[in-house]
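In my numbering, the protein residues as written are -1 to 305.
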């Protein structure tokens, strides 16, 4: 692992204090990883392709070739249109797990920290590619709407807004769906909506709101951001679990819940994945232990396929 690519690791990024540096280091680590990919032993299938070189426009990477070969090649012949994208960041109470204070004490990222870092990195990457990016922040309702722009100064405002985000104490099961409906009503120009949330909300209401976005002509990528302990459920011994949205508590032996919990989590993801597929959208599950490059690759592959 190079000194640059190590910044794709959440535990390393957690040691960096400034969000603008976190975003820059994540993107630079991602680009360094692309440039360092092993090309030896692969014969290019098309004369219109050449190997990726550092500094190349990421929009020209042929992600279909990457999906087949795990190698990065540039398409020489195709120019891309600029994209208008919105980052929708969930700051509701359930995203504050573990609490930001506890996460910093142990040197890792909370769900909200991870989502903020990913949003900042996506914004940095998009504006560097001349795409326009906007920001929406919501908890029990939409709290911030920043229209999409493509200027470098706009990136600093976007990162500044993200850096000031704090988890909301407000509790609601309908905040996500409410925010999605409002975005569908506000944003008239067709674009890409990237939602970063744990999706631990009213599923039927959320899916109805996603269909509203789709009906308006928007493309959609859903990133379900979980803490690694939510994804693996490694708890042992008598534990008290608290619902961050309702405040309800349950004291149990986790061994008796593990199988049912993991099955419920799998079923939730599968339902979102199935509904997303019907809308030509994507549902991607990430957790706070995962390298950031997975999400960046997903965004770039979707961008090329859709636009």
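Beta carbons: idealized from backbone N, C-alpha and C, even for Gly.
These numbers come from a predicted model, not from an experiment.
Note down the Cα distance separating residue 111 from residue 101, rounded to an integer number of angstroms. Reading the chain shown from its first residue, position 113 is the one you call residue 111. Reading the chain shown from its first residue, position 103 is the one you call residue 101. Straight-line spacing of the CA atoms in residue 111 and residue 101 works out to 9 angstroms.
Cα-Cα separation between residue 65 and residue 297, rounded to whole angstroms: Numbered from its first residue, the chain shown carries residue 65 at position 67. Numbered from its first residue, the chain shown carries residue 297 at position 299. Taking the straight line from one Cα to the other gives about 14 angstroms.
Between the alpha carbons of residue 269 and residue 203, how many angstroms are there, rounded? Against the chain shown, residue 269 aligns to sequence position 271. Against the chain shown, residue 203 aligns to sequence position 205. Approximately 13 angstroms between the Cα atoms of the pair.
Is DSSP giving residue 253 helix, strand or coil here? As a first step, residue 253 is located in the chain shown; it is residue number 255 there, counting from the start. DSSP places residue 253 in helix when its eight states are reduced to three.
How many Å lie between residue 18 and residue 254 at the Cα? Translated into the one-based positions of the chain shown, residue 18 becomes position 20. Translated into the one-based positions of the chain shown, residue 254 becomes position 256. Distance between the alpha carbons of residue 18 and residue 254: 43 angstroms.
What is the residue span of the beta strand (DSSP E) that residue 124 lies within? Residue 124 sits at position 126 when you count from the first residue of the chain shown. Per DSSP, residue 124 belongs to no beta strand (DSSP E); it is in the alpha helix (DSSP H), 109 to 126.
How would you label residue 51, buried or exposed, when you count the other beta carbons within 10 angstroms and need 16 or more for buried? One-based indexing of the chain shown puts residue 51 at position 53. It is exposed - the Cβ of residue 51 has fewer than 16 other Cβ atoms within 10 Å.
Within 8 angstroms, do at least three Cβ pairs link the stretch 158 to 165 to the stretch 173 to 182? no
From 130, 196, 276 and 237, pick the residue whose C-alpha is nearest to that of residue 206; which is it? Taking the first residue of the chain shown as 1, we reach residue 206 at position 208. Nearest in C-alpha terms to residue 206, of all of 130, 196, 276 and 237, is 276.
On the three-state DSSP scale, how would you describe residue 50? What you label residue 50 is simply residue 52 of the chain shown in a count that begins at 1. Coil.
Take residue 143 and list the residues in its own chain whose beta-carbon comes closer than 6 angstroms to its own, dropping the five residues that flank it on each side. As a position in the chain shown, residue 143 is number 145, starting the count at 1. Counting only Cβ-Cβ distances below 6 angstroms, and skipping sequence neighbours, we find 134.
Report whether the distance from the Cβ of residue 289 to the nearest heavy atom of the ligand GDP is below 8 angstroms. Among the ligands in the structure shown, none appear at all, so the ligand GDP cannot be discussed.
Neighbourhood of residue 190 by C-beta distance below 8 angstroms, restricted to the same chain and skipping five residues each side: Here residue 190 is taken as the residue at index 192 of the chain shown, counted from 1. Excluding positions up to five away in sequence, the list reads 81, 82, 83, 84, 216, 217, 218, 219, 300, 301, 304 and 305.
Less than 7 angstroms between C-beta atoms, sequence neighbours within five positions excluded: which residues of the same chain meet that for residue 29? Translated into positions along the chain shown, residue 29 becomes position 31. Here the set comprises 52.
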